[in-house]
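Residue numbers (this note's numbering): 421 to 635. Idealized CB from N, CA, C, for every residue including glycine. A quick write-up on the structure given underneath.
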Amino acid sequence: MASYLQIPDDEKGYELDVFCVPKHYEEDLDRVIIPHGLIMDRTERLARDIVRDMGTHHIVALCVLKGGYKFFADLLDYIKALNQNSDKSVPLTVDFIRLKSYCNDQSTNSVKVIGGDELSTLTGKNVLIVEDIVETGKTMETLLSLLSEYKPKMVKVVSLLVKRTPRSSGYRPDYIGFEVPDSFLVGYALDYNEYFRDLSHICILTEGAKEKYKV
Ligand code: IMP
Ligand code: MG
């Protein structure tokens, strides 16, 4: 089992006013739970682990939109840095898929593919799926079973976050950045009804904000 950083249930995090948070979100957030710098440091190490394991064969990095886009971009930058600074390097191409399973703060039972590249291009490839957060595990299990129909050579999953929740199906990604408490998290591209993607740090959403941005 790969290592990851555990954020405990009683993690107090940091006061908002010791970091930079957009003015328009100040009322909606209690505390910063994972500062942007820590996300970057952990991502750098994930890049190293992935390159070590996936070897020198062409990797197709598949970004799960929209929530995965920041993590995807930063992870790939670190993989690129490894590629251009060592004797070994791994060719990297990118693909995108758009899935939707959430309404307000609830995971719905249906996971819909609502756009992205043609999956048949993944046949025979080493695929690295890049996701923001695994909660119940349904989204990833659905995507993995969909992908298997196209017969990739190898599939690995990296998720920046995994939630500790009784709603989990038991699914665990191959690489995990942080294991987090069972709260609704936003920032660093994780959204609540499309808001909070424009926040650098990962924060816990307040109950008041859930009402304010409800659809
Ligand atoms: P799962 O299918 O329950 O594992 O949910 C995975 C998807 O739900 C993720 O890809 C996210 O898009 C979304 N999600 C789950 N928990 C959160 C959260 O705390 N904040 C924002 N999005 C979340
Ligand atoms: Mg997602």
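Sorry if obvious, but does the Cβ on residue i come closer than 8 angstroms to a heavy atom of the ligand IMP?
i      : result
Glu614 : no
Lys634 : no
Phe604 : yes
Lys558 : yes
Leu548 : no
Asp611 : yes
Leu564 : no
Asp552 : yes
Gly488 : yes
Ser540 : no
Glu446 : no
Ser645 : Not covered by the structure: residue 645. The range shown for the chain is 421 to 635.
Asp525 : yes
Val531 : yes
Glu555 : yes
Arg584 : no
Arg587 : yes
Counting only C-beta atoms, is residue i closer than 9 angstroms to chain C at any point?
i      : result
Gly544 : Among the protein chains of the structure shown there is no chain C, as only one such chain exists.
When burial is assigned at 16 or more other CB atoms within 10 Å of the CB, is residue i buried or exposed?
i      : result
Val438 : exposed
Gly535 : exposed
Cys483 : buried
Gly457 : exposed
Gly607 : buried
Val547 : buried
Ala481 : buried
Ala467 : buried
Ser565 : exposed
Pro428 : exposed
Pro455 : buried
Val533 : exposed
Can you give the beta carbon distance from residue i to residue j, rounded, assuming they're within the 8 angstroms contact cut?
i      : j      : result
Leu578 : Asp552 : A small correction: the amino acid at residue 578 is Val; Leu does not occupy that position in the sequence shown. Contact flag wrong, Cβ pair sits at about 10 angstroms.
Asp448 : Ala609 : Going by Cβ atoms, the distance from Asp448 to Ala609 rounds to 16 angstroms, so no, they are not a contact pair.
Ile624 : Arg451 : 7 angstroms
Lys576 : Val554 : At roughly 14 angstroms, the Cβ-Cβ gap does not stay under 8 angstroms, so Lys576 and Val554 are not in contact.
Lys508 : Gly544 : That belief does not hold up - the Cβ atoms of Lys508 and Gly544 are roughly 22 angstroms apart, past 8 angstroms.
Leu485 : Ile499 : Not a contact, Cβ separation roughly 19 angstroms.
Whose C-beta lies closer than 6 angstroms to the C-beta of residue i among residues of the same chain, with five residues either side of it excluded?
i      : result
Tyr615 : Tyr633
Asp494 : Thr463
Ser540 : Tyr570
Gly487 : Asp552, Ala609 and Leu610
Once the 5 residues before and after residue i are set aside, which same chain residues still bring their CB inside 8 angstroms of it?
i      : result
Ile531 : Looking at the sequence provided, one finds Val at residue 531 rather than Ile. Contacts found: Leu519, Lys520, Ser521, Lys558, Thr559, Thr562 and Leu563.
Asp636 : Nothing can be reported for residue 636, as the shown portion of the chain is limited to 421 through 635.
Tyr612 : Asn524, Asp525, Phe604, Val606, Leu625, Ala629, Lys630 and Tyr633
Thr476 : Lys508, Ser509 and Val510
Met474 : Val510, Asn546, Leu548, Met574 and Lys576
Can you give me the Cβ contacts of residue i inside the same chain, cut-off strictly under 7 angstroms, excluding the 5 residues immediately before and after it?
i      : result
Ser589 : Thr556, Gly557, Lys558 and Glu561
With a floor of 3 residues, list each beta strand (DSSP E) that falls wholly inside the region 531 to 598, ordered by position along the chain.
-> 546 to 554 and 574 to 583
Whole beta strand (DSSP E) runs in the region 444 to 496 with 3 or more residues, listed along the chain?
-> Correct list: 449 to 454 and 479 to 485.
Contiguous beta strand (DSSP E) assignments of at least 3 residues, all confined to the region 601 to 633 = Counting only runs that start and end inside the region 601 to 633, the beta strand (DSSP E) elements of at least 3 residues fall at 622 to 625.
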